[in-house]
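Notes follow once the structure below has been shown.
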Amino acid sequence: MTALVVAHRGASAGHVDNSLEAFEGAIVAGADAIEFDVRRTADDQLITFHDGHVRRKPVADLTRAQIGAMTGHTPPLLAEVIDLARGRIGLDVELKEAGYVDRVLAALGDADPDADPAQPLIVTSFLDAVAAEVKERAPQVRTGLLVGTDRPGPHPVRTRLSELSPVARARACGADAVGMHLLIASLGALERTHAAGLGAFVWTVNREDGLRRFLADPRVEAVITDVPARALAVRAAI
373 MTALVVAHRG ASAGHVDNSL EAFEGAIVAG ADAIEFDVRR TADDQLITFH
423 DGHVRRKPVA DLTRAQIGAM TGHTPPLLAE VIDLARGRIG LDVELKEAGY
473 VDRVLAALGD ADPDADPAQP LIVTSFLDAV AAEVKERAPQ VRTGLLVGTD
523 RPGPHPVRTR LSELSPVARA RACGADAVGM HLLIASLGAL ERTHAAGLGA
573 FVWTVNREDG LRRFLADPRV EAVITDVPAR ALAVRAAI
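Using the working numbering, the final residue of the sequence shown is 610, and nothing's skipped along the way.
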């Protein structure tokens, strides 16, 4: 069985990432799910937006309208993305911060992750405490711990070691899966995660050789990519 194809921030290679156009592009391409980032703005809106700052100003200190004016693109509301995707494509929802887990779960509603295997649902975070809170509040929702951060913090060696061997962290926060950078996966994290019985998501895989490798690997549940059409073509040929 080959891995799922998850469109990273939508079909982001050809559209503004985390935009409704990118998500629609992923749906049209036939991806199994869309991955997107959720942040909260100064006017208390939950938006799909990756970066934590715009022109050095924290997203949390800006309104949605200000972000739109500064970037030339008004980020979608979480509710808009859910409405676009419902019944059409699965969701891989990354929470960038703590403080709004309950609102995200409420927006997702009573989505049953077992209702349609073709439309998977997982909520993920680089923050162990956020992944744990999701699982505590909604045990039925699959959760994922993300590893491979480009900002390892004040203890980079300790952080990297915990990412290469993520099982203890994943179990501590109740995560069902580990989402790992492709380099972390190649350095043993994939093997350890699979051996522990946890799901494995690998990101961000765009080259054809990497797509062939990870899509065909039975240990990989999902491959996250900027180029879902390419990934689907590669998967079809496996």
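Ideal Cβ positions, reconstructed from N, Cα and C, are used throughout, including at glycine. Keep in mind the model is a prediction, meaning the values are calculated, not measured.
query: Rounding to the nearest angstrom, what Cα-Cα distance links residue 520 and residue 571 in this structure?; result: 16 Å
query: Closest to residue 569 by CA distance: which of 576, 554, 593, 581 is it?; result: 593
query: Decide if residue 596 is buried, meaning its Cβ has at least 16 other Cβ atoms within 10 Å, or exposed.; result: buried
query: Let's test the definition: count the other Cβ atoms within 10 Å of the Cβ of residue 465 and tell me whether it reaches 16, buried, or not, exposed.; result: buried
query: Which ranges would you report for the beta strand (DSSP E) in the stretch 414-452 if only whole runs of at least 3 residues count?; result: 418-420
query: Is residue 461 closer than 9 Å to residue 395 when the C-beta atoms are compared?; result: yes
query: For residue 461, report the span of its beta strand (DSSP E) as first-last.; result: Looking at the DSSP string, residue 461 is not in any beta strand (DSSP E), and its letter there is neither H nor E.
query: So, are the CB atoms of residue 423 and residue 431 less than 9 Å apart?; result: yes
query: Is residue 483 helix, strand or coil by DSSP?; result: With a pLDDT of only 49 at residue 483, under the threshold of 50, the placement of this residue in the model should not be trusted; the figure read from the coordinates follows. Coil, per DSSP.
query: Taking C-alpha atoms, which residue in 503, 589, 567, 584 lies nearest to residue 608?; result: 584
query: Roughly how many angstroms separate the alpha carbons of residue 384 and residue 599, rounded to a whole number?; result: 7 Å
query: So residue 553 is in the beta strand (DSSP E); what residue range does that whole segment cover?; result: 549-553
query: Please classify residue 437 as buried or exposed, where buried requires at least 16 other C-beta atoms within 10 Å of its C-beta.; result: exposed
query: Look up residue 391 in the DSSP assignment and say whether it is helix, strand or coil.; result: coil
query: At the level of alpha carbons, what is the spacing between residue 546 and residue 516?; result: 9 Å
query: Starting from residue 379, trace the beta strand (DSSP E) both ways and give me its first and last residue.; result: 376-380
query: In whole angstroms, what is the alpha-carbon distance linking residue 434 and residue 499?; result: 22 Å
query: For residue 593, which three-state DSSP category applies?; result: coil
query: Taking a contact to mean a Cβ-Cβ separation below 9 Å, would you say residue 480 touches residue 439 in this structure?; result: no
query: Looking at the unbroken alpha helix (DSSP H) that takes in residue 601, where does it start and where does it end?; result: 600-609
query: In three-state DSSP terms, what is residue 493?; result: strand
query: Taking the alpha-carbon of residue 589 as reference, which of 602, 558, 601 has the nearest alpha-carbon?; result: 558
query: Nearest by alpha-carbon distance to residue 573: which of 606, 381, 501, 496 is it?; result: 496
query: At what residues does the alpha helix (DSSP H) containing residue 583 begin and finish?; result: 580-588
query: To which residues does DSSP link residue 573 through a beta bridge?; result: 551, 594
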